[in-house]
Amino acid sequence: GAVVSQHPSWVICKSGTSVKIECRSLDFQATTMFWYRQFPKKSLMLMATSNEGSKATYEQGVEKDKFLINHASLTLSTLTVTSAHPEDSSFYICSATLSGAYEQYFGPGTRLTVT
Amino acid sequence: GENVEQHPSTLSVQEGDSAVIKCTYSDSASNYFPWYKQELGKGPQLIIDIRSNVGEKKDQRIAVTLNKTAKHFSLHITETQPEDSAVYFCAASEGFWSYGKLTFGQGTILTVHP
């Protein structure tokens, strides 16, 4: 149980284009999903918290207009990197949790490379 | 906000030895402390967690201890195997009322030599 998937697993895009990353909870309903960014050999940095049916809460320093998050259902959240630039290249990981639960389950991550 | 410090940054052990990774946290209201294992190119995997009302928890070769007074918690892996080699992250919940939002330590690269 508690399986979280992400799609795509990796993506290469040109500078200026937008990229959408999907995060799905496969066997449970996730009222809250989190989006993280991880640089090579670094820890996970929380970007935003997403609750189903409401606007995402972004961490300080994260541009909400650049990293659009949508949590339209209890099993799907999407992160769209708009007008991507090479500095947006990173490993993006989502996680999901049940309402009232402490445990956070992570997806396999998406490697984004912007050329 | 919460601050989590993790040590050591790298740890090298021989197969069969024990490995210990330590973390300290700053927010005395934190009440949930998970440990994650991350293999190269993959997402973190929850391996064990502990809540503030428990001092120790064990799951086969893995154990976690928590000292609330000192605000530190540790991961213990016994009888290490080469497949235990990975990056390990500790984390702490940020405050009592916002459970689910985690602050991560810097990570420990564990290498188990056969």
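Chains as they are written, first to last, in this note's numbering: chain A, 38 to 152; chain B, 6 to 119.
C-beta atoms are modelled at their ideal positions from N, C-alpha and C, and glycine is treated no differently.
Contact set for residue i: own chain, Cβ-Cβ below 6 Å, skip 5 residues either direction
{"i": "S114 of chain A", "result": "C60, M70, S87 and H108"}
{"i": "A133 of chain A", "result": "V41, S62, A67, M70 and Y142"}
{"i": "K106 of chain B", "result": "E99"}
{"i": "A93 of chain A", "result": "A85, S87 and I106"}
{"i": "H81 of chain B", "result": "V25 and A68"}
Residue from the options with nearest C-alpha to residue i
{"i": "S14 of chain B", "options": "B:C28, B:T108 and B:N58", "result": "B:C28"}
{"i": "A24 of chain B", "options": "B:F109, B:D89 and B:K106", "result": "B:D89"}
{"i": "G144 of chain A", "options": "A:I49, A:V48, A:C50 and A:I58", "result": "A:I58"}
{"i": "L45 of chain B", "options": "A:Y139, A:C50, A:G98 and A:F128", "result": "A:F128"}
{"i": "G110 of chain B", "options": "B:D64, B:Y30, B:E84 and B:R66", "result": "B:Y30"}
{"i": "L111 of chain A", "options": "A:Y139, A:Y95 and A:S91", "result": "A:S91"}
{"i": "Q50 of chain B", "options": "A:V56, A:A85, A:E96 and A:A39", "result": "A:A39"}
For residue j and residue i, the rounded distance between their alpha carbons
{"i": "G53 of chain A", "j": "H122 of chain A", "result": "6 Å"}
{"i": "G48 of chain B", "j": "E20 of chain B", "result": "25 Å"}
{"i": "D54 of chain B", "j": "M82 of chain A", "result": "20 Å"}
{"i": "T99 of chain B", "j": "I52 of chain B", "result": "Note that residue 99 of chain B is Glu in the sequence shown, not Thr. Looking at the two C-alpha atoms, the distance is approximately 20 Å."}
{"i": "S35 of chain B", "j": "V9 of chain B", "result": "11 Å"}
{"i": "Y37 of chain B", "j": "T117 of chain A", "result": "30 Å"}
{"i": "L135 of chain A", "j": "D64 of chain A", "result": "11 Å"}
{"i": "E84 of chain B", "j": "R74 of chain A", "result": "33 Å"}
{"i": "W40 of chain B", "j": "K62 of chain B", "result": "12 Å"}
{"i": "N58 of chain B", "j": "I26 of chain B", "result": "21 Å"}
{"i": "K78 of chain A", "j": "V99 of chain A", "result": "21 Å"}
{"i": "T113 of chain B", "j": "H12 of chain B", "result": "7 Å"}
Continuous beta strand (DSSP E) stretch holding residue i: start and end
{"i": "L135 of chain A", "result": "That residue, L135 of chain A, is in no beta strand (DSSP E); it is neither H nor E in DSSP."}
{"i": "D64 of chain B", "result": "E61 to D64"}
{"i": "G75 of chain A", "result": "The question names Gly, but residue 75 of chain A in the sequence shown is Gln. Per DSSP, Q75 of chain A belongs to the beta strand (DSSP E) from T69 to Q75."}
{"i": "N36 of chain B", "result": "N36 of chain B -> no beta strand (DSSP E), and no H or E assigned at all."}
{"i": "E10 of chain B", "result": "V9 to H12"}
Residue i in three-state terms, based on DSSP
{"i": "P123 of chain A", "result": "helix"}
{"i": "E89 of chain A", "result": "coil"}
{"i": "D64 of chain A", "result": "coil"}
{"i": "D54 of chain B", "result": "strand"}
{"i": "P119 of chain B", "result": "coil"}
{"i": "P49 of chain B", "result": "coil"}
{"i": "E88 of chain B", "result": "helix"}
{"i": "L111 of chain A", "result": "coil"}
{"i": "K79 of chain A", "result": "coil"}
{"i": "K106 of chain B", "result": "coil"}
{"i": "A75 of chain B", "result": "coil"}
{"i": "T152 of chain A", "result": "coil"}
{"i": "V40 of chain A", "result": "coil"}
Chain-order list of residues whose beta-carbon lies under 7 Å from that of residue i (same chain, five-residue window excluded)
{"i": "L115 of chain B", "result": "L16, A24, D89, S90, A91 and Y93"}
{"i": "G60 of chain B", "result": "T70 and L71"}
{"i": "P86 of chain B", "result": "In the sequence on display, residue 86 of chain B carries Gln and not Pro. Around Q86 of chain B: E20 and V117."}
{"i": "V151 of chain A", "result": "C50, S52, A121, H122, P123, D125 and S126"}
{"i": "F76 of chain A", "result": "S127"}
Cβ neighbours of residue i in the same chain (closer than 8 Å, five flanking residues each side left out)
{"i": "T147 of chain A", "result": "Q43, H44, P45, S46, W47, V48, I58, F128, Y129 and I130"}
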